[in-house]
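**Student:** One structure follows; several queries about it will come next.
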């Protein structure tokens, strides 16, 4: 067996190199699968509808595609308007059923892909900012692949584990001197270097390919030849390259970053001959610039870190306005091509010097002529590093209860009231008249106007409410991601007034951790716009302006339900009741994901209680009817034409169409 | 024992490499503090006569000290006309207006708004806010008493006592303390340095296989283990305190002032619901002590992990990974309301504003315990458990073992010879 194979065997088997490589790849895959969220959640959810439009405009934004989108926007707006008037006419019996059906089919055809249109229109607005280098394409895959400028900690720790023992294990048992006396002593160091470089190249390449495969499989990576500026992360980049070229370049830079870190670790291990110092230097050389320096600075330093990150070599300037003075402030200054090549050249030079020095240090004793030369080489490498560091720096479980979103609550002897002045919610004891604020913490909302209650839901003996809290280090100009908005769901026991937070999420997509900015996607953005919610044992349902989002309390999985949120929404613990686009009452079973339409109930408004559905019939001139949950046993409740209906345990409340007054009807009626 | 601890301390920590890293990190820390000042403070714009820095300190003489109606009126008499003139954004943008303090009307309005009007407004209203909290806590206590919720009654009683006397009487410069209290970078440096320092505590002798020899020594075994733990504790506490001192001196030096030390902690806006009533200078000391406790706990966990390693490699990477997990989870969970997660993570003690910035409680055996108290108790308990585990898992002194075996053999030998003597006499 040759010396090279002996070294391979030693590193891979005795020093557990193979085990660590497998561990890094495995953990890398698991982490990738667990941590990934689509950056544009709507594009993923309405993929088919979006692709329908994308087929028509794919590529650069031409005059035709621009005209098409503008016309389509107008067509959709008109169709929506027409749909409303058509429904009114039909229910008012101004048009026949066949006419209605014929026209509504045409309208439905126009609106068939409207959710996808909203996504593509947002993309169109982005492209219009600079149509010369931005294209229409599926961006989620590319954003996931290229738009994450964070360090791969698993790879970093893996390199530390694999590379450090290569020389240190021999120094720790003083075998190095023995090797130096051997005939092939010098070759041993060379083999080690080659093996380690090959291992790190393999690891980096594998991770790049795994990421490529993952995003290609999950979202698709189409149109790799489109300019890199087509995705928002690289919006203002001045680099003229395609997405695929960007991926290859970033991958190559990351591979070089891995090699750079490897050579640095080997250099330090030969210099210090100690595990601890080598590991510390490796960890510090990456972590301290990462946390301590601005991105603009460390992307101009010949260190492994910028290459390990790679992404931001191709992003453009990020400029923000100072909140106080309005002055422009450069958050990140683009790394121009000359700087990138210079940095690469200096780094390659440093690596070469380090390799030469490592080989000279590990030369057989009889080959070394002068001891001063090796000191000189160390000095050159150290000086080079110091010079580069200074010189290259840049400048710059609940019981079920019936819920009606439109109903006024009276729960367990408390009336829920909202202060019109400061929008604070409070509970009023109906017998004593005492009021208690919802939020039991005496500090809530006192020191900050950004702490507020958004919505509530009653499920006796519990009252649930959602709070929105915004915190920011207001004085920190430059640290723009220090703003935090969090939404919490709090459970208040109305018997004991004990409260407990049962769900909490930050809604910001741009976040900052120890000064490192990162993106998480817009998964929780909908929480900022919710105005009502309800829940069952394992899910929360947030009602926003554009629909209902179901959130699993335990897994955090979100699903946008295809339910319009423009009327009353009711929930009886198992099913959601709502009016569909045509005003027909519909029931959605939350556990079975099945939809049932009450064909014979077309309602202006409705509400439900435990047994019955009360609705203001649109087809019967606004009369109030009741029926069972299955739609049978229809009974007339009131002849008075009504606009809306709500109910509580004892009464039905109807808003009269003619007088505009509220009429109270006892349920026994 | 003291000598043993002293020897271990010299052996483990008085090394050139540690000293170099120590000095290097101190210098890096000072650079970072300097960059914090230049990045975040608007007063870092030089010493020109029209710079914000100069203008601020000129005005400061007029407004510092007790907040009085005269001072407020005087300030508003300067600020209000500027605010009115710039409200519709049509005022001149000239930068050399001789009537303006900074040469520009917008700039004048901004400096007054940010550095005088807003802080003074906050200081002035704080008493009312705190009274409101105290009143609500009192009402809450009554409500909970009716419902038999004793813990909540006690909790609200603590809040009442904490907030009822709060007010900010004086106006002073608090910007330096704001950034000082939000500065986390040195905590990371301390962790790195302590990790480097303690990792070789048990490993260095294993690497050279001196651990076997050590066990034959009368002072070896458990006694040496204890001395090592004591020396490591001394080292990490000294490092934590040193960096806290460097932080404070650095901030005072680069911001050019230590003004504001006598303001209460809640004068800094991020601490408006602070868990303790103390002055800012007192909190600086408290923070240094709490940070030392956090660093000590983490170091004891590092030491425990390193006890099982034969070389520094795996323990270092494991400790580094554990530290990263603590830091990342601690920093990302800091804004959430799950108090237990903050309490069990020693990183909360390092960046202790997570605990002291909010008045939060946990229920412990029917008594409300403030989150910082629980975190300190938890950290000390975790540290003591780690030490106990290290003492249990460390090897027993072989010298005693050899001696015992020898003496047993001797006894057996004496017994055998006595037996043979007896049989021969028979």
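Residue numbers (the working numbering), protein chains in the order written: chain B, 1 to 669; chain U, 670 to 1095. Virtual Cβ for every residue (Gly too), placed ideally from N, Cα, C.
1. Relative to the C-alpha of residue 455 of chain B, which candidate in B/529, B/508, B/432 and B/414 has its C-alpha closest?
2. Across the segment 748-756 of chain U and the segment 772-790 of chain U, are there enough close Cβ pairs to call them in contact, namely three or more that are closer than 8 angstroms?
3. Contact criterion: CB-CB distance below 8 angstroms. Does residue 755 of chain U meet it with respect to chain B?
4. Among B/359, B/658 and B/134, which one has its Cα closest to the Cα of residue 188 of chain B?
5. Interface residues of chain U around residue 440 of chain B at Cβ under 7 angstroms?
6. Would you tell me roughly how many angstroms separate the C-alpha atoms of residue 715 of chain U and residue 499 of chain B, rounded to the nearest one?
7. Determine the extent of the alpha helix (DSSP H) in which residue 738 of chain U is found, giving its start and end residues.
8. For the putative contact between residue 351 of chain B and residue 202 of chain B, defined by C-beta atoms under 8 angstroms, what is the C-beta separation to the nearest angstrom?
9. Do the CB positions of residue 805 of chain U and residue 442 of chain B come within less than 8 angstroms of each other?
10. Kindly indicate which three-state DSSP category residue 130 of chain B falls into: helix, strand or coil?
11. Mind reading off the beta-carbon distance from residue 486 of chain B to residue 1004 of chain U? Whole number of angstroms is fine, and I expect it under 8 angstroms.
12. If I follow the unbroken alpha helix (DSSP H) through residue 9 of chain B, where does it start and stop?
13. In whole angstroms, what separates the C-alpha of residue 160 of chain B from that of residue 145 of chain B?
14. Residue 241 of chain B by DSSP, collapsed to three states: which one?
15. Between which residues of its own chain and residue 1074 of chain U is the CB-CB distance below 7 angstroms, once the five residues before and five after are set aside?
16. Excluding the five sequence neighbours on either side, which residues of its own chain have a C-beta within less than 7 angstroms of the C-beta of residue 395 of chain B, listed in chain order?
17. Taking only beta-carbon atoms, is residue 869 of chain U less than 8 angstroms away from chain B?
18. With the cut-off set at 8 angstroms, would you say residue 153 of chain B and residue 864 of chain U are in Cβ contact?
19. For the beta strand (DSSP E) holding residue 505 of chain B, just list the boundary residues, first then last.
20. With DSSP collapsed to three states, give me the class of residue 430 of chain B.
21. Can you grab the Cα-Cα spacing for the pair residue 558 of chain B / residue 47 of chain B, in whole Å?
22. What are the boundary residues of the beta strand (DSSP E) that residue 306 of chain B is part of?
23. Within the continuous beta strand (DSSP E) that includes residue 614 of chain B, where are the two ends?
24. Looking at residue 691 of chain U: is its Cβ nearer than 8 angstroms to the Cβ of residue 949 of chain U?
25. Residues of chain U with CB under 7 angstroms from residue 509 of chain B, in chain order?
26. By the 8 angstroms beta-carbon criterion, what residues does the segment 836-870 of chain U contribute toward chain B?
27. If you count every other CB in all the chains shown that lies within 10 Å of the CB of residue 683 of chain U, and 16 or more means buried, which is it?
28. Among all the DSSP beta bridges, which residues are the ones paired with residue 1037 of chain U?
29. Pop quiz: residue 467 of chain B and residue 453 of chain B are said to be a contact at Cβ under 8 angstroms. What is the actual Cβ separation, rounded to whole angstroms?
30. Is residue 270 of chain B close to chain U, meaning its C-beta is less than 8 angstroms from at least one C-beta of that chain?
31. Identify whether residue 487 of chain B lies in helix, strand or coil by the three-state DSSP scheme.
32. Helix, strand or coil for residue 638 of chain B per DSSP?
33. Closer than 8 angstroms, CB to CB, is residue 813 of chain U near chain B or not?
34. In the DSSP assignment, find the unbroken beta strand (DSSP E) run with residue 551 of chain B in it and report its ends.
35. Taking 8 angstroms as the CB-CB cut-off, is residue 148 of chain B touching chain U?
36. Give me the residue from U/1007, U/915, U/870 and U/837 with the minimum Cα distance to residue 904 of chain U.
**Tutor:** Quick answer:
1. One-based indexing of the first chain puts residue 455 of chain B at position 455. Among B/529, B/508, B/432 and B/414, the Cα nearest to that of residue 455 of chain B is on B/529.
2. yes
3. Taking the second chain and counting its residues from 1, one reaches residue 755 of chain U at position 86. For residue 755 of chain U, the answer is no, since every Cβ of chain B falls outside 8 angstroms of its Cβ.
4. For the purposes of this step, residue 188 of chain B is identified with residue 188 of the first chain, where counting begins at 1. Taking only the C-alpha atoms, the option nearest residue 188 of chain B is B/359.
5. Counting from one through the first chain, the residue named residue 440 of chain B turns up at place 440. Neighbours of residue 440 of chain B on chain U, chain order: 809.
6. On the second chain, residue 715 of chain U is found 46 positions in, with the first residue counted as 1. On the first chain, residue 499 of chain B is found 499 positions in, with the first residue counted as 1. Distance from the CA atom of residue 715 of chain U to the CA atom of residue 499 of chain B, rounded to whole angstroms, is 52 angstroms.
7. Counting from 1 along the second chain, the entry for residue 738 of chain U is found at position 69. First-last of the alpha helix (DSSP H) with residue 738 of chain U: 738-755.
8. Numbered from its first residue, the first chain carries residue 351 of chain B at position 351. Numbered from its first residue, the first chain carries residue 202 of chain B at position 202. That belief does not hold up - the Cβ atoms of residue 351 of chain B and residue 202 of chain B are roughly 18 angstroms apart, past 8 angstroms.
9. Residue mapping note: residue 805 of chain U aligns to position 136 of the second chain, counting from 1. Residue mapping note: residue 442 of chain B aligns to position 442 of the first chain, counting from 1. Yes.
10. As a working note, residue 130 of chain B is residue 130 in the first chain. In the structure shown, the three-state DSSP call for residue 130 of chain B is coil.
11. Reading the first chain from its first residue, position 486 is the one you call residue 486 of chain B. Reading the second chain from its first residue, position 335 is the one you call residue 1004 of chain U. That pair is a contact at about 6 angstroms.
12. Position 9 of the first chain, counting from 1, holds the residue named residue 9 of chain B. 3-9 is the span of the alpha helix (DSSP H), which, as asked, contains residue 9 of chain B.
13. Residue mapping note: residue 160 of chain B aligns to position 160 of the first chain, counting from 1. Residue mapping note: residue 145 of chain B aligns to position 145 of the first chain, counting from 1. Computed Cα separation, rounded: 24 angstroms.
14. Numbered from its first residue, the first chain carries residue 241 of chain B at position 241. The answer is coil: DSSP assigns residue 241 of chain B none of H, G, I, E or B.
15. Here the question's residue 1074 of chain U lines up with position 405 in the second chain. Caution applies to residue 1074 of chain U, whose pLDDT of 49 falls short of 50 and renders its modelled position unreliable; the value that the coordinates give is listed next. If we look at residue 1074 of chain U and ignore the five residues flanking it on each side, it has no Cβ neighbours.
16. Within the first chain, numbered from 1, the residue matching residue 395 of chain B stands at position 395. Caution applies to residue 395 of chain B, whose pLDDT of 38 falls short of 50 and renders its modelled position unreliable; the value that the coordinates give is listed next. Nothing listed; no residue qualifies.
17. Position 200 of the second chain holds residue 869 of chain U. So, interface residue.
18. As a position in the first chain, residue 153 of chain B is number 153, starting the count at 1. As a position in the second chain, residue 864 of chain U is number 195, starting the count at 1. It is not a contact, given that the beta carbons lie outside the stated cut-off.
19. Numbered from its first residue, the first chain carries residue 505 of chain B at position 505. From DSSP, the beta strand (DSSP E) with residue 505 of chain B extends over 499-506.
20. Position 430 of the first chain, counting from 1, holds the residue named residue 430 of chain B. Residue 430 of chain B: coil per DSSP, three-state reduction.
21. Locating residue 558 of chain B in the first chain gives position 558, counting from the first residue. Locating residue 47 of chain B in the first chain gives position 47, counting from the first residue. Rounded to the nearest angstrom, the two C-alpha atoms are 16 angstroms apart.
22. Within the first chain, residue 306 of chain B is the residue found at index 306, counting from 1. Run containing residue 306 of chain B: none in the beta strand (DSSP E); it sits in the alpha helix (DSSP H), 304-309.
23. Here residue 614 of chain B corresponds to residue number 614 of the first chain, with the count starting at 1. Here the beta strand (DSSP E) through residue 614 of chain B covers 612-617.
24. Position 22 of the second chain holds residue 691 of chain U. Position 280 of the second chain holds residue 949 of chain U. Against a cut-off of 8 angstroms, the Cβ pair of residue 949 of chain U and residue 691 of chain U comes out as no contact.
25. As a working mapping, residue 509 of chain B is identified with position 509 in the first chain. Residues of chain U passing the Cβ test: none, with the nearest at roughly 15 angstroms.
26. Cβ contacts with chain B: 844, 847, 848, 851, 853, 854, 857, 858, 861, 864, 865, 868 and 869.
27. As a working mapping, residue 683 of chain U is identified with position 14 in the second chain. Per the 10 Å Cβ criterion, exposed.
28. Translated into the one-based positions of the second chain, residue 1037 of chain U becomes position 368. DSSP lists U/1032 as the bridge partner or partners of residue 1037 of chain U.
29. For the purposes of this step, residue 467 of chain B is taken as the residue at position 467 of the first chain. For the purposes of this step, residue 453 of chain B is taken as the residue at position 453 of the first chain. Sure, about 6 angstroms apart at Cβ, within 8 angstroms.
30. Mapped onto the first chain, residue 270 of chain B falls at position 270. Not a single CB atom of chain U sits nearer than 8 angstroms to the CB of residue 270 of chain B.
31. If you number the first chain from 1, residue 487 of chain B lands on position 487. Residue state, collapsed to three classes: strand.
32. Here residue 638 of chain B refers to the residue found at position 638 of the first chain. DSSP places residue 638 of chain B in strand when its eight states are reduced to three.
33. Working through the second chain from its first residue, we reach residue 813 of chain U at position 144. At least one chain B Cβ lies under 8 angstroms of residue 813 of chain U.
34. Position 551 of the first chain, counted from the start, is the residue given in the question as residue 551 of chain B. Per DSSP, residue 551 of chain B belongs to the beta strand (DSSP E) from 547-552.
35. Taking the first chain and counting its residues from 1, the one referred to as residue 148 of chain B is at position 148. No, because no Cβ of chain U sits closer than 8 angstroms to the Cβ of residue 148 of chain B.
36. The sequence position of residue 904 of chain U within the second chain is 235, counting from 1. Out of U/1007, U/915, U/870 and U/837, U/870 has the C-alpha closest to the C-alpha of residue 904 of chain U.
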